Amino acid sequence: MTASRVYLDWNATTPLRDEARAAQAAAFELGNPSSVHAEGRKARGVVEEARAAVAAAVGARPQQVIFTSGGTEANALALTPGLKTSTKSLDRLIVSSIEHASVVSGGRFAADRVSAIAVDRSGLVDLGHLQALLERDGPALVSVMLANNETGAIQPIAAVAELVHRAGGLLHVDAVQALGKIPIDIKQLGADLVSVSAHKLGGPKGVGALILADGMALAEPLLRGGGQEQGRRAGTENVAGIAGFGAAVTAAIAALPADAARLAKLRQKLEKNLRQTQGSVIFAQDVPRLPNTILVGLPGLKAETAVIGFDLAGIAVSSGSACSSGKVQPSHVLKAMQVEDRLLRSAIRISLGAATTDADIERCAEAWRKLAATLIRRDDETELERFQTS
Ligand code: PLP
20 MTASRVYLDW
30 NATTPLRDEA
40 RAAQAAAFEL
50 GNPSSVHAEG
60 RKARGVVEEA
70 RAAVAAAVGA
80 RPQQVIFTSG
90 GTEANALALT
100 PGLKTSTKSL
110 DRLIVSSIEH
120 ASVVSGGRFA
130 ADRVSAIAVD
140 RSGLVDLGHL
150 QALLERDGPA
160 LVSVMLANNE
170 TGAIQPIAAV
180 AELVHRAGGL
190 LHVDAVQALG
200 KIPIDIKQLG
210 ADLVSVSAHK
220 LGGPKGVGAL
230 ILADGMALAE
240 PLLRGGGQEQ
250 GRRAGTENVA
260 GIAGFGAAVT
270 AAIAALPADA
280 ARLAKLRQKL
290 EKNLRQTQGS
300 VIFAQDVPRL
310 PNTILVGLPG
320 LKAETAVIGF
330 DLAGIAVSSG
340 SACSSGKVQP
350 SHVLKAMQVE
360 DRLLRSAIRI
370 SLGAATTDAD
380 IERCAEAWRK
390 LAATLIRRDD
400 ETELERFQTS
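With my numbering applied, the sequence shown has no gaps in its numbers, which climb one by one up to 409 at the end.
Written out as C-alpha cells, the structure is:
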C-alpha cells in the first residue's frame with residue numbers, strides 16, 4: 020500500500036483510517052474495562068462509546084451489540100442451534116450457496132442439518148428455492164449475506180426476511196462487506212442477527228460484532244468465562260481494537276454518501292475500459308451491486324497468473340476472496356452462478372476504496388489490456404516476464 024503501488028483489493032482489507040489509528044493509540048494503555056477503579060472505568064467508557072457508534076451505524080441500540088474477534092467469529096456465534104422464536108427452538112440451518120466460508124461451513128450445526136439455497140446466474144438468491152426449502156424443512160435459521168464479497172451483488176434481504184419470518188424462522192445477515200459501503204438499518208432489513216467486521220471499513224483487523232435485533236437472545240455463547248458482553252462473549256475486551264472500530268465506523272458512515280457516489284462513477288469508468296478488451300465479462304453486472312466492486316473475467320486467462328501480472332505492474336487485486344487465496348480453488352460463488360469453467364477460472368476481483376483515484380483506474384485498465392494481450396492461452400512464467408519488461 021505504498022505510494023507507487025495501486026491498492027485495489029479493498030474487499031480483502033482496507034488501509035487503517037487516521038481516526039482509527041488515533042483512537043487505538045489513545046486506548047493501548049487503558050485498564051481492564053471490568054475493573055471498578057478509575058483506570059477500568061476509563062476503558063469501559065471507550066468500549067461503550069464504540070458500542071454506541073457501531074449500534075448507530077446499523078440503526079440498533081448499544082445493548083444489541085456484542086463485540087467479537089471479527090466477522091468470522093460473529094458468524095460462528097450467530098450460527099448456533101437452539102435460537103428461539105416465540106414458539107420454537109430452531110435446529111435447522113439454511114444458507115445461501117454464495118456465503119463466505121465462515122457461513123457456508125454451517126457454524127455449530129451438524130452437516131446433515133444444513134441446506135443450501137441456489138442462486139440465479141446473476142448471483143442473487145433464488146427466493147422460490149428458499150420458499151421450497153422452508154416448506155420442506157419447516158422453520159429454520161436462515162443466513163443470507165447483504166452483499167457478496169466477490170461479485171458485490173446486493174441480496175434482496177427484505178424479501179428473504181419476509182419469507183423466513185412467514186415460515187416461523189429467523190434470519191442472520193452477514194453484512195461484513197456492506198457496512199460502510201451502503202446504508203444499513205437492521206429493522207429495515209428485517210434481520211434478527213447481523214455480522215460486521217472492522218477491517219473492511221478502515222478499522223483494525225481482528226475486531227467485529229454480532230448485532231442482535233431488539234428482544235433477540237443468543238442460543239449459546241461461543242466462549243464462556245468472565246461475564247463480559249453481558250455473558251454473551253467472555254474474555255477481556257480488545258479495548259484498542261474496539262476503540263479503532265468505533266472511530267472507523269463513525270468516519271465511514273459520515274463519508275458514505277460522498278464516497279459511494281464517487282466510487283460508483285470510478286467503477287463505471289473502469290468497467291467501460293475493461294469491456295474494451297474483447298471477451299471481458301463483468302459478473303453480476305445487471306443486478307444491484309456494491310459501488311466499489313468489480314469481478315471481471317476473460318475466458319482463457321488464468322486468474323492466479325493474472326494476479327501476479329497485476330502485482331508486477333504495481334497493482335494489488337485478487338482472484339476470488341482473499342480468505343481462499345494461496346489455495347487455487349475455483350470460486351464457489353461463480354460455481355453456484357453456473358459460470359462455465361474457463362470463464363470461472365479467469366475471474367479477477369477489483370475492489371476500490373476511499374483512496375482510489377482516476378489515475379489508479381487508468382493504470383488498472385491499462386494493465387488489464389496488456390495482460391489480456393500477453394497472457395491469454397499462453398500464460399506461463401515467460402509471458403509474465405515479457406509483461407514485466409514491456
Ligand atoms: N463475511 C464476509 C462476507 C467476508 O467478506 C469476510 C472476510 O473477507 C468475513 C465474513 C470474515 O470477516 P473477518 O475477516 O473479520 O473474520
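We put the beta carbon where it would ideally sit given N, CA and C, even for glycine.
The model shown is predicted, which means the values in this text are computed figures rather than measured ones.
> Do you know how far the Cα of leucine 112 is from the Cα of leucine 152?
Replying inline: 10 Å
> Roughly how many angstroms lie between the CA atoms of aspartate 204 and isoleucine 395, to the nearest whole one?
Replying inline: 44 Å
> Between which two residues does the beta strand (DSSP E) containing isoleucine 261 stretch?
Replying inline: Counting along the chain, isoleucine 261 falls outside any beta strand (DSSP E), though it belongs to the alpha helix (DSSP H) covering 258-294.
> When we look at the beta-carbon of threonine 376 and count the other beta-carbons within 10 Å, is it buried (16 or more) or exposed?
Replying inline: exposed
>> At a threshold of 7 Å, does glycine 246 count as lining ligand 1 (C-beta to nearest heavy atom)?
In response: no
>> Please state the DSSP three-state secondary structure of phenylalanine 47.
In response: coil
>> Would you say the beta carbon of threonine 312 is closer than 7 Å to some non-hydrogen atom of ligand 1?
In response: no
> When the distance is taken between beta carbons, is leucine 146 closer than 8 Å to valine 179?
Replying inline: yes
> histidine 56: buried (16+ other C-beta within 10 angstroms of its C-beta) or exposed?
Replying inline: exposed
> If you draw a straight line from the C-alpha of alanine 303 to the C-alpha of alanine 45, how long is it?
Replying inline: 42 Å
> Do you know whose CA, among Asp278, Ser338, Cys383, lies nearest threonine 170's CA?
Replying inline: Ser338
> Is phenylalanine 329 helix, strand or coil by DSSP?
Replying inline: helix
>> Applying the 10 Å Cβ sphere with the 16-neighbour rule, what's the burial state of proline 158?
In response: buried
> ligand 1 heavy atoms versus the CB of serine 121: any closer than 7 Å?
Replying inline: yes
> Which partner residues of histidine 191 appear in the DSSP bridge assignment?
Replying inline: Ser162, Leu212
>> DSSP three-state label for arginine 155, please.
In response: helix
> In this structure, does DSSP put lysine 107 in helix, strand or coil?
Replying inline: coil
> How is threonine 170 classed by DSSP in three states: helix, strand or coil?
Replying inline: coil
> To which residues of the same chain is proline 223 closer than 6 Å at the C-beta, ignoring the five residues directly before and after it?
Replying inline: Ala217, Gly260, Gly263
> Quick one, which of Pro318, Leu371, Glu385 has its alpha-carbon nearest threonine 32's?
Replying inline: Leu371
> Excluding sequence positions up to five away, which residues of its chain have a Cβ less than 8 Å from the Cβ of alanine 374?
Replying inline: Tyr26, Pro34
> By DSSP, does valine 65 sit in helix, in strand, or in coil?
Replying inline: helix
>> Distance check for isoleucine 369 and aspartate 278, CA to CA, integer angstroms please.
In response: 17 Å
>> Could you give the first and the last residue of the continuous beta strand (DSSP E) run that contains alanine 228?
In response: 227-231
> If we count the other Cβ atoms within 10 Å of its Cβ and call it buried at 16 or more, is glycine 7 buried or exposed?
Replying inline: Since the first residue shown for the chain is 20 and the last is 409, residue 7 is missing from the structure and cannot be characterised.
>> Just verifying my parser: in three-state terms, what is the DSSP assignment at arginine 368?
In response: strand
> Nearest-angstrom Cα distance between alanine 341 and valine 123?
Replying inline: Summary for alanine 341: the model assigns pLDDT 46, below 50, so the residue's position carries little reliability, and this model does not support an answer.
>> Let me check one thing: in DSSP terms, what residues is phenylalanine 86 bridge-paired to?
In response: Ala228
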